[in-house]
Amino acid sequence: MKRVYFFVFSFLFMVACNNDFEQEAPFWYGEKFPEELGYMNMPRPDDSYNYPIYPGTDAWAKLTSGEERLAVLQIPKKIASKMSTQALIQAMWEYPLLFEALCFFSSTLQHPYQSCFDFHFSTNNAHVELVHRTDAGDALLYRLERVIPFTRLETQTLMLMVSQSCFLDQLNIDKKRKLVEIAFHLKDVRYHDPLSPFYGHSDQFYDYEFKNITYLLLGRTMFSAYFDPFVESVQNDPNLKAFLDGNSNYRCSDFFDCTEMKQYITDCSKKFINEK
Numbered sequence: 062m063k064r065v066y067f068f069v070f071s072f073l074f075m076v077a078c079n080n081d082f083e084q085e086a087p088f089w090y091g092e093k094f095p096e097e098l099g100y101m102n103m104p105r106p107d108d109s110y111n112y113p114i115y116p117g118t119d120a121w122a123k124l125t126s127g128e129e130r131l132a133v134l135q136i137p138k139k140i141a142s143k144m145s146t147q148a149l150i151q152a153m154w155e156y157p158l159l160f161e162a163l164c165f166f167s168s169t170l171q172h173p174y175q176s177c178f179d180f181h182f183s184t185n186n187a188h189v190e191l192v193h194r195t196d197a198g199d200a201l202l203y204r205l206e207r208v209i210p211f212t213r214l215e216t217q218t219l220m221l222m223v224s225q226s227c228f229l230d231q232l233n234i235d236k237k238r239k240l241v242e243i244a245f246h247l248k249d250v251r252y253h254d255p256l257s258p259f260y261g262h263s264d265q266f267y268d269y270e271f272k273n274i275t276y277l278l279l280g281r282t283m284f285s286a287y288f289d290p291f292v293e294s295v296q297n298d299p300n301l302k303a304f305l306d307g308n309s310n311y312r313c314s315d316f317f318d319c320t321e322m323k324q325y326i327t328d329c330s331k332k333f334i335n336e337k
């Protein structure tokens with residue numbers, strides 16, 4: 062059933078892409094995706110990068126390999142080095158291969174969140190530059206606090222970005238507690254706001270990528286904060302550790318049924334928020 066759901070979603074996504082990307086390059090993000098820009102709930106940075114081509118354009122069709130596509134979407138290092146921190150984050154938000162970068166499924170229906178993220182962004186000049194920005198953690202927290210969590214992919218990307226240890230470790234303990242509170246808030250709004258397209262779909266199989274990344278962010282934040290009860294549990298529970306690693310062969314698709322793990326992360330996160 063899960064496999065069928067994934068293929069149906071993939072088909073609908075590809076159809077939508079074929080309909081959306083009809084304009085020729087150059088691509089202007091605001092003209093094609095005003096809703097996604099609205100979900101940012103903040104102005105698009107003035108020095109944001111405009112990718113030269115997008116899937117569905119004639120220029121894109123002429124590229125015959127994945128290597129060529131990755132190369133043409135690579136922001137030159139000299140340009141990336143001069144971009145503001147928020148513009149670098151924006152470049153990842155607007156990345157044309159965002160769906161592939163969040164390839165939650167492997168052939169065995171595992172969820173290699175981290176390996177998929179690393180594959181696309183570890184050598185991506187925008188992300189490489191962002192890692193070296195000392196204000197990146199604060200910039201990501203600023204965005205996450207403001208984002209309207211109704212997008213299927215972009216909000217998940219933002220949460221996955223924040224969950225990287227290099228950015229979490231930049232935040233002090235108070236900001237980490239704030240981050241956990243924001244994660245709870247986004248999840249609540251996504252499923253309980255009548256204006257949300259996800260309203261009324263809080264069952265365990267619906268929108269599971271967002272839910273899993275929410276728990277991933279909660280757990281990684283507590284681990285980064287050296288919250289003793291949680292750190293001890295991670296050290297003693299290989300399944301919990303595997304989930305937080307985001308890279309393992311642990312069947313995170315089974316996480317749908319792991320109510321104890323989800324409840325533990327939730328309960329522990331609430332204790333972390335209230336700890337003095």
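According to this note's numbering, the residues represented by the sequence shown are 62 to 337, in order. Beta carbons are placed, not taken as given, at the ideal position from N, Cα and C, and that holds for glycine.
Pop quiz: residue i and residue j are said to be a contact at Cβ under 8 Å. What is the actual Cβ separation, rounded to whole angstroms?
{"i": "S109", "j": "A152", "result": "7 Å"}
{"i": "E270", "j": "Q217", "result": "6 Å"}
{"i": "E215", "j": "E97", "result": "6 Å"}
{"i": "I136", "j": "A197", "result": "Incorrect: roughly 16 Å between the Cβ atoms, too far for contact."}
{"i": "W154", "j": "L202", "result": "At roughly 15 Å, the Cβ-Cβ gap does not stay under 8 Å, so W154 and L202 are not in contact."}
{"i": "P157", "j": "L134", "result": "6 Å"}
{"i": "I334", "j": "E242", "result": "6 Å"}
{"i": "T118", "j": "R194", "result": "Contact flag wrong, Cβ pair sits at about 31 Å."}
{"i": "A244", "j": "T275", "result": "6 Å"}
{"i": "I209", "j": "Y100", "result": "5 Å"}
{"i": "Y15", "j": "W121", "result": "Residue coverage of the chain in this structure runs from 62 to 337, which leaves residue 15 outside it and unanswerable."}
{"i": "F178", "j": "L247", "result": "Contact doesn't hold; Cβ gap of about 19 Å is too wide."}
{"i": "D249", "j": "F259", "result": "In fact, because the Cβ distance is near 11 Å, the residues do not count as touching under 8 Å."}
{"i": "K237", "j": "A286", "result": "5 Å"}
{"i": "P106", "j": "A132", "result": "Going by Cβ atoms, the distance from P106 to A132 rounds to 24 Å, so no, they are not a contact pair."}
Within the continuous alpha helix (DSSP H) that includes residue i, where are the two ends?
{"i": "Y345", "result": "The structure shown does not extend to residue 345, since the chain is modelled only from 62 through 337, so no value can be given for it."}
{"i": "H188", "result": "N186 to V192"}
{"i": "P290", "result": "D289 to N297"}
{"i": "Y156", "result": "Unbroken run through Y156: none, as it is neither H nor E."}
{"i": "A244", "result": "I234 to H253"}
{"i": "F259", "result": "First-last for F259: undefined, no H or E at that position."}
{"i": "D230", "result": "Careful: D230 lies outside any alpha helix (DSSP H) and carries neither H nor E."}
{"i": "S176", "result": "Y174 to F182"}
Just checking: is the beta-carbon of residue i within a distance shorter than 9 Å of some beta-carbon in chain C?
{"i": "S257", "result": "Here chain C cannot be found, since the structure has a single protein chain."}
Three Cβ pairs or more, each shorter than 8 Å: is that satisfied between the segment 221-234 and the segment 270-286? The segment 221-234 vs the segment 270-286: in contact.
Beta strand (DSSP E) runs contained entirely in the segment 93-146, provided each spans 3 or more residues: none
Complete runs of the alpha helix (DSSP H) confined to the segment 196-223 [at least 4 residues]: 197-207 and 215-223
Given 8 Å as the limit, is there contact between the segment 321-334 and the segment 285-301, that is, 3 or more CB pairs closer than that? Verdict: yes, contact present.
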